Amino acid sequence: MLVEGPEKKTVSSAVATFADISVSAQDVVNCSYSQWYNKFSSYTYTKAEILRPVPIEFINYLLSDDIILPKDEQGSSLFQKVELNSDNEYSDWEEEEDDDADADADEDKDLSNKASPTSTFPSFHQKIKDAIQRLGGKVAPKLNWTSPQDATWMMMNNTMECHNATELYLLLKSSDYINHDIGHAFECVTEGPQNVPEGFEYELVLRKWFDINPSMEFRCFVRDRQLIAISPRDLNYYTFMKDFENEIVDKIDLFFDSVLLPKFDSNSFAFDVYIPKPLTTVYLVDVNPFARQTDSLLFSWNELATMKSDDDGPLFRKVEQANSGRFASRAHSQNQVPKEIVDASLDTEALVELAQGWDKMMKKEDGD
């Protein structure tokens, strides 16, 4: 994958060191959704509702190992029984057995006898359901900083679009990014203790679902109150990008100077924007700390921490050449499933072989 960047420079033979990046607890708090949404809501692309504080019972549920979902959502695709047909019936390599059916029935009965996981936070559960309805019945969830993009493989539509609380819980519980928000968000702090600040509250953000063109979403890096770098969020090659590069940079630079710089409280941060065609409006999508825990995309953090600001504007870096290898590995796939399954998903025969091998192994274990 080829990218634009600064000219090559002579590299010293000395041992490379990572540049320090100073991050305060307040910097992290400033990037929490509720801290900036009210200031800039008129510049966002979609409406959002922020539910806070999040009860500790809900946090404990998200962190628990079991994925037990409430079944009070009528019509949820997660609980629809699959009708066997020629497309999904693997009769050529698998035979149903009565014992297996009985075991499944017993397991379903055991689960149905368990208390609903929402019994410890019924009021908050109802707030979530009500908010989803107010937002039109389709939302994308996140906590203070992070969206569960790494867990979309668990969803029927392979997106963060949730139609009910049950789908929302599955998405949140399956996400390592959400787990990071809860337990590790302040580990990037370089001064003082790295614990959650006193009085800090977790929040659940529900944004009204909208479809966007991923090629027009950009991450922008601000250091010491100067916009220094811009990278596309989607790291695929787009032929049109070169034609619009200067216009995109100018629009983002103006948005930063006129909207974010006067009101955002941190000196250094990263922000995401969406610029739909015809490139007349810049929408704020998210704000993240200027810290190594934030994805730097086409830049390295050492580069961002040391690059000199340019009077001509921020450095815009884009993918310069199509890279077929990029499509063989989906974004966030490292957070999803074992590599063997990812590899097999690219080859139908390999997928069948994997399923056969798994079936044989399970039957062998049952026989032991």
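The numbering of the sequence shown is UniProt numbering, which starts it at 1 and goes up by one.
Using N, Cα and C, we set each Cβ at its ideal position, and we do this for glycine too.
If you're wondering where the values come from, they're calculated on a predicted model, not measured in any experiment.
#1: Can you give the beta carbon distance from N144 to D181, rounded, assuming they're within the 8 Å contact cut?
#2: Below 8 Å, how does it come out for the segment 239-251 and the segment 21-35: are there three or more Cβ pairs, yes or no?
#3: Could you give the DSSP three-state label for V249: helix, strand or coil?
#4: Where DSSP assigns a beta bridge to A270, which residues make up the other side?
#5: Over what stretch of residues does the alpha helix (DSSP H) that includes L168 continue unbroken?
#6: Is the number of C-beta pairs between the segment 39-57 and the segment 156-166 that are closer than 8 Å three or more?
#7: Judging by CA-CA distance, which residue of I128, S34 and I178 is the nearest neighbour of T166?
#8: State the DSSP-derived secondary structure class of F210, mapped to helix, strand or coil.
#9: According to DSSP, what are the bridge partners of S231?
#10: Specify, as a first and last residue, the run of the beta strand (DSSP E) that V139 falls within.
#11: Inspect the beta-carbon positions of A305 and V205 and report whether they are closer than 8 Å.
#12: What did DSSP end up calling I182 once you bin it into helix, strand or coil?
#13: Whole angstroms is fine: what's the gap from K142's alpha carbon to T239's?
#14: Relative to the alpha-carbon of D310, which residue among R223, G183, I68 and D211 has its alpha-carbon at the smallest distance?
#15: Please report the residue range of the beta strand (DSSP E) in which L51 lies.
#16: Beta carbon of R207, beta carbon of A140: below 8 Å?
#17: Using 8 Å for Cβ pairs, my map puts V287 next to Y274. What's the rounded Cβ distance?
#18: Can you pull the DSSP bridge partners for T44?
#19: Tell me where the alpha helix (DSSP H) around R134 begins and ends.
#20: By Cβ distance below 6 Å, which residues in the same chain neighbour P197 in space, the five residues on each side in sequence not counted?
#21: Comparing C-alpha positions only, which one of P214, L172, L62 and T294 sits nearest to A151?
#22: So, at 6 Å on beta carbons, what are the nonlocal neighbours of F271 in its own chain, with the 5 sequence-adjacent residues on each side left out?
#23: Based on the DSSP secondary-structure assignment, which residues constitute the bridge partners of Q226?
#24: I need the straight-line Cα distance from F186 to D257, nearest angstrom please.
Straight from the coordinates:
#1: The residue given as residue 144 occupies position 144 in the sequence shown. The residue given as residue 181 occupies position 181 in the sequence shown. Between N144 and D181 the beta-carbon gap is near 6 Å, inside 8 Å, which marks them as a contact.
#2: no
#3: As a first step, residue 249 must be located in the sequence shown, where it is residue number 249. V249 falls in the helix class under three-state DSSP.
#4: Here residue 270 refers to the residue found at position 270 of the sequence shown. F221 and N288, per the DSSP bridge assignment.
#5: Residue numbering aside, residue 168 sits at position 168 when the sequence shown is read from its first letter. Taken as a continuous stretch (DSSP letters only), the alpha helix (DSSP H) holding L168 covers A165 to K173.
#6: no
#7: Position 166 of the sequence shown, counted from the start, is the residue given in the question as residue 166. Minimum Cα distance to T166 is reached at I128.
#8: On the sequence shown, position 210 is the one that residue 210 refers to. It is coil, neither helix nor strand.
#9: Walking along the sequence shown from the start, residue 231 turns up at place 231. Paired residue(s): R219.
#10: Stepping through the sequence shown from its first residue, residue 139 is reached at position 139. Segment V139 to K142, the beta strand (DSSP E) holding V139.
#11: Sequence index remark: in the sequence shown, residue 305 carries index 305 (1-based). Sequence index remark: in the sequence shown, residue 205 carries index 205 (1-based). No, the pair does not count as a contact, with Cβ atoms beyond the cut-off.
#12: Residue 182 sits at position 182 when you count from the first residue of the sequence shown. Of the three classes helix, strand and coil, the one that applies to I182 here is helix, per DSSP.
#13: Translated into positions along the sequence shown, residue 142 becomes position 142. Translated into positions along the sequence shown, residue 239 becomes position 239. The straight-line gap from Cα to Cα measures roughly 32 Å.
#14: Along the sequence shown, one-based indexing puts residue 310 at 310. For D310, the nearest C-alpha among the options comes from R223.
#15: Stepping through the sequence shown from its first residue, residue 51 is reached at position 51. Start and end: A48 to L51.
#16: Numbered from 1 along the sequence shown, position 207 holds the residue referred to as residue 207. Numbered from 1 along the sequence shown, position 140 holds the residue referred to as residue 140. The answer is yes: Cβ separation under 8 Å.
#17: Here residue 287 refers to the residue found at position 287 when the sequence shown is read from its first residue. Here residue 274 refers to the residue found at position 274 when the sequence shown is read from its first residue. So it is not a contact: roughly 13 Å between Cβ atoms.
#18: As a first step, residue 44 is located in the sequence shown; it is residue number 44 there, counting from the start. According to DSSP, T44 bridges with L284.
#19: Working through the sequence shown from its first residue, we reach residue 134 at position 134. Annotation for R134: the continuous alpha helix (DSSP H) segment containing it runs P122 to R134.
#20: Start at 1 with the first residue of the sequence shown, and residue 197 comes out as number 197. Cβ neighbours of P197 beyond the five flanking positions: A25.
#21: Numbered from its first residue, the sequence shown carries residue 151 at position 151. Of the candidates P214, L172, L62 and T294, the one whose C-alpha sits nearest the C-alpha of A151 is L172.
#22: The residue you call residue 271 lines up with position 271 of the sequence shown. Contacts found: C220 and V287.
#23: Within the sequence shown, numbered from 1, the residue matching residue 226 stands at position 226. Beta-bridge pairing links Q226 to R223.
#24: Mapped onto the sequence shown, residue 186 falls at position 186. Mapped onto the sequence shown, residue 257 falls at position 257. Near 28 Å, if we compare the C-alpha coordinates of D257 and F186.
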